[in-house]
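Number of protein chains: 2
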Amino acid sequence: MDDEYKIGAYSVEGKVDYEDTIKKFGIGLIDDALKARIKKDAGEVHFMIERGIYFAQRDMNWLLDKYEKGDKFYVYTGIAPSGSMTIAHLLPFIMAQWLQEKFDADVLVQIPDEEKFLAKRDPKLSLERAHELAYEDALDIAALGFKQSKTKIFLNTEYATVLYKQAVRVSKYLTFSIVKDAFGFGNDTNVGTLFYTSMQAVPAFLKSVQEGRNIPCVIPLGLDQDVHFRVARNAIDKLGYYKPAIMHSKFLPSLKGGPKMSSSDPDNTIYLNDSPEAVARKVNKAITGQQSTAELQKKLGGDPDKCAVCQYNRYLFEPDDKKLKEIFDGERKGTLLAGEHKKDLANKINKFLEGHRKNKERLRGSLDSFMLQ
Amino acid sequence: MDDEYKIGAYSVEGKVDYEDTIKKFGIGLIDDALKARIKKDAGEVHFMIERGIYFAQRDMNWLLDKYEKGDKFYVYTGIAPSGSMTIAHLLPFIMAQWLQEKFDADVLVQIPDEEKFLAKRDPKLSLERAHELAYEDALDIAALGFKQSKTKIFLNTEYATVLYKQAVRVSKYLTFSIVKDAFGFGNDTNVGTLFYTSMQAVPAFLKSVQEGRNIPCVIPLGLDQDVHFRVARNAIDKLGYYKPAIMHSKFLPSLKGGPKMSSSDPDNTIYLNDSPEAVARKVNKAITGQQSTAELQKKLGGDPDKCAVCQYNRYLFEPDDKKLKEIFDGERKGTLLAGEHKKDLANKINKFLEGHRKNKERLRGSLDSFMLQ
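Quick look at the structure:
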């Protein structure tokens, strides 16, 4: 372990040691054998899996055992609204959408509009504001290409009659000790936050409740969200339902080189509602792995691992492996200079955001068809 | 203080010292001035108030200030289902019904079907069973004579979309410390129970939320339930709503002379669904304040304060003060013997239960008109 680091559900600090985390959390790798199995079942393997962005898992072999025997799974993911969605928030939804397409999976999206309201001291995030943001998030999510007939999105405060009843059953197995140890909560933590993890657990077995038979579930999530299911999987098992499988992604780095893009640092975060100018400006200030001058860069070359621009291509914006290799090689050999490197990324992001805006406007009138109430 | 005693939301132990409790809880008495004021506003004063069964209060003068200025209040009360309702459970509902009649008040009844499921270790009380019991409780309550047009009953698991959203707002002000100190919770308390008091708080301001203006509320309750509002009133105030007024009743003693009839002691508890024979049998075993033989009783007389039969007349079954005095005098002077004393009470209880059963059957098909979902 290089440095001290901490992965909490409500904050990530320090340089994350992913190998160390796997041991600590008791989770498995997505290794070559699993990649091959996914490829066999899906017909292809998503670049985020191939590149190790989705790098860890729980019970994925069990999930594919079930799938191969004809027992289809559904996908559960979500986002807690606190402001406009960022490109970092895309990771679970892109994976969910891919799983839907390749495995013909239903998708259930939880938008816990109470979570950040409860967790943040910020009095500006009222529950009403969180509710508005939740609807904007729902539209952002729907616009990512989910099949309307197989995708349901809900807000916790609107779907609570379904959720609370099941959350109560989960909560009976979660003591203060358990959530305190798992989340680092203290005596000053409010009881809404203490209870909340029960609400986040419910969609992982809700389809089994509703259909009266056990249905496998997989949750693509950022590594920081694993903690909710570390505590809830045990409770779900005790209730007699399948524990959900999980796919864990690494964190999209900050533009400035930090371990995780954070929506609370606007200058180093690209929001889905950023203007083309804002994107160009932010990307232009991004850290690269390059030398201090163009001359030195041409002579010595740079380091793609330290370059946010390379990493954003790798994580999200360059699905083509050959083109990604050209970018990494250019950075490494010094043939790709910072200016054009950044301009290329900004263009790719803006092209994506432009299409996304169009999709949103097209769906704005028909979002209700995605929503559960 | 005579003995050690403890009044908790989930258990009452020892001989309750009511005067001491008032000081500890920081609540006021229902004194003669307040009784006179209630009489002036209501046209009469309920015998339970007159006799000091409803003996304590919070903010009742404030409530009547509002009322006298034309600002009508609503009544909130409830019951947590765990088995058939007992005659002890009647106290808050009889008061709520009287307040409805005399003050033209709307009544909101919460049936928290999750509370005992969460609090009890008894695995036999499933959430499904609690839900069934809740509907039986709802019917028992409706049958007590509430006006259908001014009375709404709901189960927490069915009305959670309305309740949870508001409970979340309350819960932000309730830390683990606060509920731990108030309820005696520990590290092994489940997070559903920790959160639950937020759900119990909501109906105390829900009408204000729904109507978009502050509406006074009064809660008739047993003294053991005050703790929920000791913690919640502060949160409700911070949210900008009126703190609810409260009327506190003493506990109906056990038939055997304990401080509180408890539904977990079936032989000493009269349930609303008890048969006439069961009532006669249980009352026949009740403690009286009489001497050990009829001869001694005639000679020395008894003590009505120690006599469960006298107390049941006083609390519930003899509204007529003159007749109650005759019973107490008879006990005291030794002219009323145990056998006829008990037979008279059993007859009164059975007469009440017979009418109640008829009311229930009459309402069974139309309970939905009382229910909120």
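Residue numbers (my numbering), protein chains in the order written: chain A, 1 to 373; chain B, 1001 to 1373.
For glycine and all other residues, C-beta sits at the position ideal for the given N, C-alpha and C.
Quantities reported herein were computed from a predicted structural model and do not represent experimental measurements.
1. Just grab the DSSP bridge partners of GLN110/A for me.
2. For LYS42/A, decide whether its Cβ has a neighbour in chain B, counting only Cβ atoms nearer than 8 Å.
3. Nearest CA to the CA of SER263/A: which residue from ARG362/A, GLU340/A and TYR271/A?
4. Taking 6 Å as the limit between beta carbons, can you name the residues of its chain near MET1371/B, skipping five residues before and five after?
5. Using only alpha-carbon positions, find the residue among TYR67/A, PRO304/A and PRO81/A that is nearest to LYS40/A.
6. Can you pull the chain B residues whose beta carbon is under 9 Å from the beta carbon of GLY192/A, in chain order?
7. Kindly indicate the opening and closing residues of the beta strand (DSSP E) around SER264/A.
8. Quick check on the burial criterion: 16 or more other C-beta atoms within 10 angstroms. Buried or exposed for GLN1297/B?
9. Rounded to a whole number of angstroms, what is the C-alpha to C-alpha distance between PRO253/A and LEU29/A?
10. Check the DSSP bridge columns for SER1249/B and list the partner residues they point to.
11. Between the region 68-85 of chain A and the region 205-222 of chain A, do three or more beta carbon pairs fall short of 8 Å?
12. In three-state terms, what does DSSP make of GLY365/A?
13. To which residues of the same chain is PHE317/A closer than 8 Å at the C-beta, ignoring the five residues directly before and after it?
14. Does the beta-carbon distance from ALA1009/B to HIS1228/B come in below 8 Å?
15. Taking the straight line between their C-alpha atoms, what separation do you get for GLY258/A and LYS282/A?
16. Assign SER366/A to buried or exposed, taking buried as 16 or more other Cβ atoms, counted over all protein chains shown, within 10 Å of its Cβ.
17. May I have the straight-line CA-CA distance separating TYR315/A from GLU19/A, to the nearest angstrom?
18. With H, G and I counted as helix, E and B as strand and the rest as coil, what does DSSP make of TYR1018/B?
19. Out of PRO1112/B, ASP1305/B, LEU1144/B and ILE1111/B, point me to the one whose CA is closest to GLN1100/B's CA.
20. Is any non-hydrogen atom of the ligand GTP found closer than 7 Å to the C-beta of TYR74/A, if you look at the structure I gave you?
21. Run through chain A and tell me which residues come within less than 9 Å of LEU1118/B, C-beta to C-beta.
22. Quick check on SER82/A - is its C-beta less than 8 Å from some C-beta in chain B?
23. Could you check where the alpha helix (DSSP H) with LYS1207/B kicks off and where it finishes?
24. Does the region 230-240 of chain A touch the region 42-50 of chain A, meaning 3 or more C-beta pairs lie closer than 8 Å?
25. Answer with yes or no whether the minimum CB distance from ASN234/A to chain B is below 8 Å.
26. To the nearest angstrom, report how far apart GLN374/A and GLY301/A are at their CA atoms.
27. Beta-carbon of THR335/A versus every beta-carbon of chain B: anything under 8 Å?
28. If I measure Cβ to Cβ from ASN1190/B and keep anything under 8 Å in the same chain, skipping five residues before and after, which residues do I get?
29. Quick one: which chain A residues come within Cβ less than 9 Å of ASP1188/B?
30. Beta carbon of ALA1160/B, beta carbon of TYR196/A: below 8 Å?
31. Where LYS1325/B and TYR1312/B are concerned, what is the direct C-alpha to C-alpha distance, given to the nearest angstrom?
32. Could you please give the first and the last residue of the uninterrupted alpha helix (DSSP H) stretch that includes TYR1164/B?
33. Tell me, please, whether the region 110-130 of chain A touches the region 76-86 of chain A by the rule of three or more beta-carbon pairs shorter than 8 Å.
34. If distances are taken between C-alpha atoms only, which option among LEU1063/B, TYR1005/B and ASP1017/B comes closest to ILE1246/B?
35. For LEU1133/B and chain A, any beta-carbon pair shorter than 8 Å?
36. Once the 5 residues before and after ASN1359/B are set aside, which same chain residues still bring their CB inside 6 Å of it?
Reading off the structure:
1. GLY78/A and PHE154/A
2. Reading off the sequence shown, one finds Ala at residue 42/A, where the question assumed Lys. Chain B contact via Cβ: absent.
3. TYR271/A
4. ILE1153
5. TYR67/A
6. ALA1167, VAL1168, ARG1169, VAL1170, SER1171, LYS1172, LEU1174, PHE1195 and SER1198
7. From DSSP, SER264/A is part of no beta strand (DSSP E); its letter is neither H nor E.
8. buried
9. 20 Å
10. TYR1054/B and GLY1222/B
11. yes
12. helix
13. LEU345, LYS348, ILE349 and PHE352
14. yes
15. 15 Å
16. exposed
17. 19 Å
18. helix
19. LEU1144/B
20. Although the ligand GTP was asked about, the structure shown includes no ligands whatsoever.
21. VAL168, SER171 and LYS172
22. no
23. 1206-1211
24. no
25. no
26. Lying before the first or after the last residue shown, residue 374/A is absent from chain A, which here runs from 1 to 373.
27. no
28. LEU1118
29. THR175, PHE176 and SER177
30. no
31. 13 Å
32. 1160-1171
33. yes
34. LEU1063/B
35. no
36. ALA1143
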